[in-house]
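Heads up: the structure comes next, in structure tokens.
In this note's numbering, the protein residues as written are 11 to 80.
This is the structure we're talking about:
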């Protein structure tokens with residue numbers, strides 16, 4: 011079984027995929043190359059930390075022992 015990726019690697023991989031999609035969509039809509047690159051840069055800067063935080067928090071919740079609520 012493959013070892014799961016760390017939260018940081020998963021966040022970088024998934025945000026890179028989203029960044030490429032955003033760049034392609036902005037180009038398709040008729041934006042200039044510089045506008046598309048700026049949108050891609052903004053997407054990468056905003057999405058990567060958000061995904062990392064989400065994956066990191068989920069991993070902590072998954073590893074923590076369940077609590078009894080009686």
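In this text, a Cβ means the ideal position worked out from N, Cα and C, and glycines have one as well.
Keep in mind it's a predicted model, so treat the numbers as computed, not measured.
Nearest-angstrom Cα separation, counted from residue j out to residue i
{"i": "residue 25", "j": "residue 19", "result": "10 Å"}
{"i": "residue 75", "j": "residue 47", "result": "44 Å"}
{"i": "residue 16", "j": "residue 61", "result": "12 Å"}
{"i": "residue 35", "j": "residue 59", "result": "22 Å"}
{"i": "residue 7", "j": "residue 21", "result": "Outside the shown range of the chain (11 to 80) lies residue 7, about which nothing can therefore be said."}
- Message: If we require 3 or more residues per run, which beta strand (DSSP E) segments fall completely within the region 13 to 47?
- Response: none
- Decide yes or no for the touch test of the region 29 to 36 against the region 49 to 58: beta carbon pairs closer than 8 Å, at least 3 of them. yes
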